[in-house]
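Inspection log for the structure reproduced underneath, given as structure tokens.
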Amino acid sequence: ELSERLRKPVIIHCVKAWEELIGVKRETRPTQPWIIHGYHGKPELTERLIREGFLFSVGDQINVASMQLIPLDALFCETDEDEMSIRDVYQQAARSLNMDPEQFSLRIAKNVRKIFPTLEAPRAWHPDQEEESE
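Using the working numbering, read the sequence shown as starting at 2 and increasing by one per residue.
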């Protein structure tokens, strides 16, 4: 309800409650995006979640077979508390899709701008660039 009222996406951490989650989404019929945080599920589950309209955010644990099923416009990358840098997550995800990392990062930035218009999307980078120190 809060997501709908504020017109903001929901980011969901789901562990072994996929049927319940799908049921709630069907019951509530949200207009705002529902994004699965830290997704690394099996292809069968991925296909089902795609049919149900979920979006996916991936981190250091990537299921390559599932990644290849997820539409690019339904994909985000994250680090959460992982030791892997966001740069490495992007490279790993791009590699799993046989994509150029820079093109992949541009696509993800477009997704961020669409779903989170008030946030600054991560800038595109080239894998050979030095990371900026903050």
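Just so you know, even glycine gets a beta-carbon here, dropped at the ideal spot from N, CA and C.
With 16 other Cβ atoms within 10 Å as the buried cut-off, status of residue i
i, result
"L56", "buried"
"S67", "buried"
"L50", "buried"
Pair within 8 Å by beta-carbon distance, residue i and residue j
i, j, result
"V136", "T80", "This structure cannot speak to residue 136, because the chain is shown only from 2 to 135."
"Q62", "L98", "no"
"D101", "A95", "yes"
"E48", "K26", "no"
Close Cβ partners of residue i (< 8 Å) along its chain, the five nearest in sequence each way excluded
i, result
"I36", "P10, V11, I12, I13, F55, L56, F57, S58, F77 and I116"
"E82", "none"
Length of the line joining the Cα atoms of residue i and residue j
i, j, result
"R30", "G24", "10 Å"
"L46", "H38", "14 Å"
"Y40", "M85", "15 Å"
"G60", "K17", "18 Å"
"T105", "E20", "The sequence shown places Phe at residue 105, rather than the Thr named in the question. Cα-Cα distance, rounded: 31 Å."
"L22", "L7", "21 Å"
"P44", "A75", "15 Å"
"Q92", "C15", "25 Å"
Given residue i as reference, the closest of the options once Cα atoms are compared
i, options, result
"P118", "E20, P34 and I71", "P34"
Cutoff 7 Å; reference residue i; Cβ partners in own chain excluding five residues on either side
i, result
"E5", "P31, T32 and Q33"
"R108", "L73"
"G42", "N64 and S67"
Close beta carbons around residue i, own chain, < 6 Å, minus the five adjacent residues each side
i, result
"L3", "none"
"I71", "F57"
Within-8 Å CB hit, residue i to chain D
i, result
"S86", "Among the chains in the structure shown there is no chain D, since it carries only a single protein chain."
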